[in-house]
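Protein chains: 2
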Amino acid sequence: MSGWVTIAGLGPGDAELVTPQVTQAIAEATDVIGYIPYVNRIAPREGLSLHPTDNRVEIDRAEHALTLASEGKRALVVSSGDPGVFAMAAAVFEAMENRPDWQALDIRVLPGITAMLAAAASLGAPMGHDFCAINLSDNLKPWAVIEERLRLAARADFSMAFYNPRSKSRPHQFTRALEVLLEECGPKRLISFARAVSTPEEAIQTVELGEATPEMADMRTVVILGSSTTRRIGPWVYTPRRAE
Amino acid sequence: MSGWVTIAGLGPGDAELVTPQVTQAIAEATDVIGYIPYVNRIAPREGLSLHPTDNRVEIDRAEHALTLASEGKRALVVSSGDPGVFAMAAAVFEAMENRPDWQALDIRVLPGITAMLAAAASLGAPMGHDFCAINLSDNLKPWAVIEERLRLAARADFSMAFYNPRSKSRPHQFTRALEVLLEECGPKRLISFARAVSTPEEAIQTVELGEATPEMADMRTVVILGSSTTRRIGPWVYTPRRAE
């Protein structure tokens with residue numbers, strides 16, 4: 001039997017948001033590779049080996065999956081959300097650089113519901129017009145690049161989704177991001193903090209940017225900043241389709 | 001029985017990409033409202049009224065759904081992809097402005113796999129780093145706003161996804177968008193055209209921006225422009241997670 005690597009998105013947490021395509025891939029896999037809390041979402045069964053690993057070992061994980069596939073295994077790499085959005089798909093392709101043998105393998109990427117769009121659905125429609133997604137972690141890029149990108153995105157008047165806004169190892173950066181955004185967008189701009197969307201721990205709040213504090217976010221939070229036209233209606237937050 | 005409005009994303013076309021949450025909502029609905037080709041994806045059954053309508057009547061459609069819900073019906077508004085991305089969710093909230101009675105209704109938004117992320121999965125991982133999504137239709141915003149946004153997004157070095165790139169009624173604008181992007185990004189930048197992703201008519205091609213022509217896109221195409229680091233590896237296109 002020939003091996004494969006499939007990189008699949010499990011969605012934000014709720015089993016009702018896992019696509020049938022991904023459910024089928026889970027049923028066919030011999031091995032599941034991923035970050036511990038994501039592998040924990042896969043039901044154990046006979047013939048399935050689970051390989052949970054800690055954070056920040058994305059390339060090791062990718063090489064492990066590619067090695068298993070080259071040995072004939074059906075290796076499923078699982079990400080939360082969508083695997084192409086700040087997740088494992090790019091890491092698998094990075095691991096394939098300079099490895100023509102791995103480039104010849106059967107590789108598939110299966111999309112999933114990314115946190116930003118699940119959060120947007122819970123909030124209403126804050127990404128109802130043009131938007132961007134920015135990873136605020138500076139593990140893989142200089143902070144100056146992030147800050148310049150925030151300013152340009154504000155001037156372009158995008159709604160913005162921020163992934164990985166804050167971690168224990170870099171608590172000051174989200175503080176700085178909020179300062180930059182306040183300078184560019186003013187205190188009345190709406191900002192939403194969506195934690196653990198679609199799970200039993202889901203917690204969502206929307207405030208004006210002038211009232212936002214860094215402690216409103218942690219690493220399980222996706223933060224959504226509205227554009228200049230984003231508004232509240234009843235309990236909802238939405239961005240009209242029309243721009244001036 | 002109390003009525004509701006649920007705005008649901010059917011994903012890009014493949015039934016295997018419809019979430020179980022949306023499948024359940026379809027089973028519970030009494031009425032389905034939406035653009036003709038999307039309503040055509042819902043299987044008829046006894047007790048379910050289908051209300052397909054033509055393009056460009058989004059607010060009429062939203063008001064129809066809200067009226068049905070206020071009469072006790074369970075109205076499902078269907079969009080392709082994700083309802084919060086250039087689709088019906090924002091239109092429903094727009095229709096609720098100045099209607100406190102409608103704001104008190106039971107409203108839910110159910111996310112779906114948006115075309116950009118399905119296309120990215122087929123291509124590899126072109127949105128593997130920071131990215132933006134821009135609607136190129138100027139039905140609802142001036143072209144000058146779009147052009148300035150394209151320039152700022154290029155300077156921010158986002159990967160970019162373009163929805164509604166080209167229609168018969170405005171063929172010249174995508175030509176102009178390509179000119180602007182060529183000025184900002186140079187001829188070697190990778191650009192992908194993904195048509196009818198996940199359907200039997202799926203057709204995907206990637207070229208350098210200097211070789212791109214407007215005819216490569218139509219209204220069923222999502223266009224993905226890479227960032228400065230986006231590259232090919234074997235048959236794949238991906239953006240590394242690392243930025244300089």
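Just so you know, the sequences run in chain order A and B. Under the UniProt record's numbering, residue 244 is the last one in the first sequence; the count climbs by one each step, no gaps. Under the UniProt record's numbering, residue 244 is the last one in the second sequence; the count climbs by one each step, no gaps. Just so you know, even glycine gets a beta-carbon here, dropped at the ideal spot from N, CA and C.
Check the Cβ of residue i against every Cβ in chain B and list those closer than 7 Å, keeping chain order.
i: TRP236/A; result: PHE93
i: PHE158/A; result: CYS132
i: GLU97/A; result: ILE233
i: THR114/A; result: LEU117
Cβ of residue i less than 8 Å from any chain B Cβ?
i: MET219/A; result: no
i: ASP101/A; result: no
i: PRO111/A; result: yes
i: VAL223/A; result: no
i: GLU16/A; result: yes
i: ILE233/A; result: yes
i: ARG170/A; result: no
If residue i and residue j are in contact, beta carbons under 8 Å, what's the gap, nearest whole angstrom?
i: ALA144/B; j: ILE224/B; result: Between ILE224/B and ALA144/B the Cβ distance is about 24 Å, and since that is not below 8 Å, they are no contact.
i: GLU94/A; j: PRO126/B; result: Incorrect: roughly 14 Å between the Cβ atoms, too far for contact.
i: LEU76/A; j: TRP102/A; result: Contact doesn't hold; Cβ gap of about 16 Å is too wide.
i: THR53/A; j: ALA25/A; result: Between ALA25/A and THR53/A the Cβ distance is about 19 Å, and since that is not below 8 Å, they are no contact.
i: ILE59/B; j: ALA91/B; result: 6 Å
i: LEU48/B; j: ALA243/A; result: Contact doesn't hold; Cβ gap of about 36 Å is too wide.
i: THR19/A; j: GLY112/A; result: 7 Å
i: VAL222/B; j: LEU190/B; result: In fact, because the Cβ distance is near 15 Å, the residues do not count as touching under 8 Å.
i: ALA161/B; j: PHE193/B; result: Not a contact, Cβ separation roughly 12 Å.
i: LEU110/B; j: VAL22/B; result: 5 Å
Within 8 Å of any Cβ in chain A, is that where the Cβ of residue i sits?
i: residue 283/B; result: Outside the displayed range of chain B (1 to 244) lies residue 283/B, so it cannot be described from this structure.
i: LEU117/B; result: yes
i: GLY34/B; result: no
i: PRO165/B; result: no
i: ARG41/B; result: no
i: VAL85/B; result: yes
i: GLN21/B; result: yes
i: THR229/B; result: no
Give the residues of chain A in contact with residue i, contact being defined as C-beta atoms less than 7 Å apart.
i: ASP82/B; result: LEU117
Using a Cβ cut-off of 8 Å, pull out every chain B residue sitting near residue i, in sequence order please.
i: THR6/A; result: In chain order: nothing, as chain B lies at least about 10 Å away.
Applying a beta-carbon distance threshold of less than 8 Å, which residues of chain A neighbour residue i?
i: ALA90/B; result: ALA125, GLY128, HIS129, TYR238, THR239, PRO240, ARG241
Taking C-beta pairs closer than 8 Å, name the residues in chain E that residue i reaches, listed in chain order.
i: ARG155/A; result: The chain inventory of the structure shown lacks chain E, comprising the protein chains A and B.
**OP:** Report yes or no: do the stretch 126–143 of chain A and the stretch 87–103 of chain A share at least 3 C-beta pairs separated by less than 8 Å?
**Re:** No, the stretch 126–143 of chain A does not touch the stretch 87–103 of chain A.
Original post:
Using a Cβ cut-off of 8 Å, which residues of the stretch 120–152 of chain A contact any Cβ in chain B, in chain order?
Top reply: Flagged, chain order: ALA120, ALA121, SER122, GLY124, ALA125, PRO126, MET127, GLY128, HIS129, ASP130, PHE131, CYS132, ALA133, ILE134, ASN135, LEU140, LYS141, PRO142, VAL145, GLU148, ARG149, LEU152.
Subject >> Residues of the stretch 48–62 of chain B with Cβ closer than 7 Å to any Cβ of chain A, in chain order >> reply: Within the stretch 48–62 of chain B, no residue has its Cβ closer than 7 Å to any Cβ of chain A.
Original post:
Should the stretch 147–158 of chain B be called in touch with the stretch 183–190 of chain B, which here means at least 3 C-beta pairs below 8 Å?
Top reply: Touching, yes.
Original post:
Is it true that the stretch 50–70 of chain B meets the stretch 21–33 of chain B, where meeting means three or more beta-carbon pairs spaced less than 8 Å apart?
Top reply: A contact exists between the stretch 50–70 of chain B and the stretch 21–33 of chain B.
Original post:
In chain order, what residues of the stretch 186–207 of chain B put their CB closer than 8 Å to some CB of chain A?
Top reply: The stretch 186–207 of chain B vs chain A, Cβ under 8 Å: nothing.
Original post:
Counting pairs of beta carbons, one from the stretch 84–91 of chain A and one from the stretch 225–236 of chain B, are three or more of them closer than 8 Å?
Top reply: Contact between the stretch 84–91 of chain A and the stretch 225–236 of chain B is absent, because fewer than three Cβ pairs lie under 8 Å.
**OP:** Could you tell me whether the stretch 171–182 of chain B touches the stretch 197–207 of chain B, using the rule of 3 or more Cβ pairs below 8 Å?
**Re:** Taking 8 Å as the limit for Cβ pairs, the verdict is that the stretch 197–207 of chain B does not touch the stretch 171–182 of chain B.
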